[in-house]
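Everything in the sequence shown is counted per numbering that gives the first Met the number 0, starting at 0 for the first residue and increasing by one.
All C-beta atoms in this analysis are idealised placements derived from N, C-alpha and C, irrespective of residue type, glycine included.
Just so we're clear, the structure is a prediction, and the values are computed from it rather than from any experiment.
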Amino acid sequence: MADPSALVLFSGGQDSTACLAWALQRYGRVETVGFDYGQRHRIELECRLRVIAEIRRRFPEWGARLGEDHLIDLGVLGQISDTALTRDRAIEFEASGLPSTFVPGRNLAFLTFAGAIAYRRGLDRLVGGMCETDYSGYPDCRQTTMTAMSEALGLGLDRPVPIDTPLMRIDKAATWKLAEDLGGADLVDLIVEETHTCYFGERGELHDWGYGCGACPACELRAKGWREYRAAKS
Ligand code: ZN
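Have a look at this one:
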């Protein structure tokens, strides 16, 4: 049987870069998909191309398995949502208890389009960085949502669509450690230097945990995870 193949939902952030390395370690052929949904900060889209280029350059064995990158225009998501990620709005908690960075339906749409691309490209499974451990309680990141989506896609496409979520049960410190286990210090450096997580698109100053404003919820999580990861090493 041929090596299984996978399509990784790849945004250019820390989590999806760790997932990409995880998939490249495991599967014979890996492609990537990213979504342009009118993010306030286009920097994410630039970072994802740089991360892919750096993975090819620094990890030739992985590069040999890494196939096409797909960028899908989902501008329609920006049209139907009014969130802190797609509009100039403050990041805060709303009456629903969810942060204003929640883009309703985003992961559901991503997975549906990823499933369609995997179908067309003959890829066996999807890989995503959804995580229910420390991520603001987004309901579309839960394991139960992933299980239901896998089932719905499998029925709708009439073939199994397994969804791997290697980060589902781990925190940010463990995500740094996972990167180290997969690609050593080289991969950790690549993630620090090239990936983007900050909600404000800030890339002025390089901190030891990477670029970012240092104050938004995404930066706080990333920096806190880094400190815990480093403390566990010493
Ligand atoms: Zn930030």
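Beta-carbon proximity list for residue i, same chain, < 6 angstroms, skipping 5 on both sides
{"i": "Tyr-118", "result": "Leu-156"}
{"i": "Val-160", "result": "Gly-114, Ser-149, Leu-152 and Gly-153"}
{"i": "Gly-127", "result": "Leu-8 and Thr-164"}
{"i": "Asn-106", "result": "Asp-139"}
{"i": "Arg-16", "result": "Reading off the sequence, residue 16 comes out as Thr, not Arg. The residues are Val-50, Ile-190 and Thr-194."}
Cβ-based burial, residue i [other Cβ within 10 Å; buried from 16]
{"i": "Pro-59", "result": "exposed"}
{"i": "Pro-138", "result": "exposed"}
{"i": "Leu-205", "result": "exposed"}
{"i": "Arg-28", "result": "buried"}
{"i": "Ala-147", "result": "exposed"}
{"i": "Leu-31", "result": "Strictly speaking, residue 31 in this sequence is Thr, with Leu absent from that position. Buried: at least 16 other Cβ atoms inside 10 Å."}
{"i": "Gly-136", "result": "exposed"}
{"i": "Arg-221", "result": "buried"}
{"i": "Ala-245", "result": "The displayed coordinates of the chain run from 0 to 233. Any statement about residue 245 would go beyond what the structure contains."}
{"i": "Arg-229", "result": "exposed"}
Distance, residue j Cα to residue i Cα
{"i": "Ser-233", "j": "Arg-158", "result": "47 angstroms"}
{"i": "Gly-66", "j": "Trp-21", "result": "15 angstroms"}
{"i": "Arg-57", "j": "Lys-176", "result": "19 angstroms"}
C-beta contact flag for residue i and residue j at 8 angstroms
{"i": "Arg-47", "j": "Gly-33", "result": "yes"}
{"i": "Leu-6", "j": "Leu-166", "result": "no"}
{"i": "Gly-235", "j": "Thr-196", "result": "Nothing about residue 235 can be reported from this structure: the residues present for the chain run from 0 to 233 only."}
{"i": "Arg-202", "j": "Ile-54", "result": "no"}
Cutoff 7 angstroms; reference residue i; Cβ partners in own chain excluding five residues on either side
{"i": "Asp-14", "result": "Gly-128, Cys-130, Leu-166 and Thr-174"}
Q: Could you pull out every unbroken alpha helix (DSSP H) segment of at least 4 residues lying fully inside the region 103-177, listed in chain order?
A: Here the runs fully enclosed are 105-120 and 142-156.
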